[in-house]
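Contents: one structure, followed by commentary.
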Amino acid sequence: MMILKGHHRMNVTSSWSKIEGEIQPDSVTILAAALHSVDPKEAVMSGLRKLDRKITFKPGRRVGLVSMGKAAVPMASGLLEQYADRIASGLVVAKVLPEQQATQLSKMKVLIGNHPVPGVRSVFAGEEIIRYLSGFGNGDMVFCLISGGASALVAKPFPHISLDDLRDTTGLLLDCGASIDEINVIRKHLDEIKGGRLAAACGESACVSLILSDVLGDRLDVIASGPTVPDKSTYQDALRIIEKYQLTNHVPISIMELFRKGVIGQAPETPKPGDRVFDDKQTILVGSLKIAMEAALEKARELGYSAEMIYPLLTGEAREVGERLAAFLKSKAGENKTDGCRRCWIAGGESTVTIRGCGIGGRNQELALAAVRGLDGVKGATLITFATDGEDGRSPAAGAVVTGDTLRRAVERGLDPDQYLLNNDSHTFFKALNSAIITGSTGTNVNDLVVLLLD
535 MMILKGHHRM NVTSSWSKIE GEIQPDSVTI LAAALHSVDP KEAVMSGLRK
585 LDRKITFKPG RRVGLVSMGK AAVPMASGLL EQYADRIASG LVVAKVLPEQ
635 QATQLSKMKV LIGNHPVPGV RSVFAGEEII RYLSGFGNGD MVFCLISGGA
685 SALVAKPFPH ISLDDLRDTT GLLLDCGASI DEINVIRKHL DEIKGGRLAA
735 ACGESACVSL ILSDVLGDRL DVIASGPTVP DKSTYQDALR IIEKYQLTNH
785 VPISIMELFR KGVIGQAPET PKPGDRVFDD KQTILVGSLK IAMEAALEKA
835 RELGYSAEMI YPLLTGEARE VGERLAAFLK SKAGENKTDG CRRCWIAGGE
885 STVTIRGCGI GGRNQELALA AVRGLDGVKG ATLITFATDG EDGRSPAAGA
935 VVTGDTLRRA VERGLDPDQY LLNNDSHTFF KALNSAIITG STGTNVNDLV
985 VLLLD
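Its first residue numbered 535, the sequence shown is counted upward by one per residue in the working numbering.
Pasting the structure below:
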């Protein structure tokens, strides 16, 4: 496997498998540039500089911090770099503890939630956040730092919804191919924090939200299930999603009853645009997939590639996206180019996987696996898929690399990509070929990147 520990150390000397050829150093350099551009700490500090004149601290009043998501720790570090003298306490909810925790966080309470399915730790974190915010009032200010993954890491299900019911429903949605938008509509109608309810929990205190987007289109009401912004979705929308994926007889009874009550107005809706809970609340987007893609494009051009973006953003079933990208790259390789220029295309998005097998993998590796046959024999072709958080599905990998030689090497080892694809076992396939990308947590999270190269 190609092991890249920590995105700040992703450089041309990283220990990529040499089987995949000389193009790999450029691949790593391009990915590293993309990740650096959405470094959570730097993104927060940049966002604060933009907001500086709009932030007013009232003398003698409290200033608090709530940071949650996969980038919670570096985002909190960025805020404390600016305002450490003003913030006396705070809550940080992350997926993992950093190897070296920032010294500024010594004043913070750091909790670890569960991911990708909420668990006991997630509920404890949700309860602690609500308890913490109850101590703030008129004239106080709370900074809410939000990144992808917070929907699972922090949860506070309604009293009549059990944790098991919440977990089962989340698992069903993850496995049926529902989009993140759809999953978050469901989450927002089961939880006391999501869908603008965290803003409500801030009460009369001012709230400044800095958000690192992991959602295509950067819709603030979808990122982390929109805890501090108005929500336009309804119980009716939630019910339609359950019916769309034919989950009516699988979702726990308590949840179906809640949704049906909500549809007829017997359960409180999420706060909508214009609700007074959003008075004195500000929100700014500090990082996104678009920023990462632009940085990757710029770095590719610096390296001498003729580079372009691929639009629209990638969505849909991962295997279908992989087949399309392979066909695209193969067609480009077939064009008669006389200028000798190396070519690169940057794509981004977030595909989905409908689970039918029992293998190990994720959307990035499944996308790559689906491209293996299409790229077979294409000289100089490389396709790299990469989850910017370093975590692809429930596997230990971030993504994978496919070249025109991948199928040949697979056949030599007795590996049939079609069978692995049928079993949703992409990670096992790429692990056997030393073509899985292992980074560990990158500390950021802005969807997925795909780099296509023709050398």
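Just so it is clear, CB atoms sit at the ideal spot from N, CA and C, and this is done for glycine as well.
Treat the numbers as computed from the prediction; the structure is a model and nothing was measured.
Checklist line | Entirely enclosed beta strand (DSSP E) segments - the stretch 649-698, minimum 3 residues | finding: 675-680
Next item on the list: Look at the alpha carbon of Asn-718 and the alpha carbon of Ala-932, and state the distance between them as a whole number of angstroms.
Entry: 23 Å
Margin query: To the nearest angstrom, how far is the alpha carbon of Asp-950 from that of Asn-898?
Written below: 18 Å
Next item on the list: Name the residue from Val-676, Ala-902 and Val-912 whose alpha carbon lies nearest to the alpha carbon of Asp-1074.
Entry: Here the chain covers residues 535 to 989 and nothing more, so residue 1074 does not appear.
Notebook entry, point to check: How many Å lie between Leu-697 and Ala-841 at the Cα?
Noted result: 47 Å
Item checked: Helix, strand or coil at Lys-913 according to DSSP, with G and I counted as helix -> coil
Check: Thr-849 lies in the alpha helix (DSSP H); which residues open and close that run?
Finding: Taken as a continuous stretch (DSSP letters only), Thr-849 belongs to no alpha helix (DSSP H), as it is neither H nor E.
Check: With 16 other CB atoms within 10 Å as the buried threshold, where does Ala-861 fall?
Finding: exposed
Next item on the list: Please list the segments of the alpha helix (DSSP H) lying wholly inside the stretch 731-819, counting only runs of 4 or more residues, in order along the chain.
Entry: 731-735, 769-778 and 787-797
Margin query: For Lys-643, list the residues DSSP reports as bridge partners.
Written below: Leu-625
Item checked: Proximal residues to Val-546 (C-beta, below 7 Å), its chain only, five neighbours per side dropped -> Annotation note: pLDDT 29 at Val-546 (below 50); position unreliable, no value reported.
Item checked: Status (buried if at least 16 other CB within 10 Å, exposed otherwise) for Lys-913 -> exposed
Item checked: In DSSP terms, what Glu-726 is bridged to -> Answer is none; Glu-726 lacks a bridge partner.
Item checked: Cβ neighbours of Lys-575 in the same chain (closer than 8 Å, five flanking residues each side left out) -> Pro-608, Met-609, Ser-611, Gly-612 and Glu-615
Check: Between Ala-829 and Ile-775, is the Cβ-Cβ spacing less than 9 Å?
Finding: no
Margin query: Looking at the secondary structure, which residues open and close the alpha helix (DSSP H) in which Ser-611 lies?
Written below: 606-617
Margin query: Using 9 Å as the threshold, is the C-beta distance between Asp-923 and Thr-886 below it?
Written below: no
Notebook entry, point to check: Contact between the stretch 644-656 and the stretch 693-707: three or more CB pairs below 8 Å?
Noted result: yes
Check: Would you call the CB atoms of Phe-670 and Arg-596 closer than 9 Å?
Finding: yes
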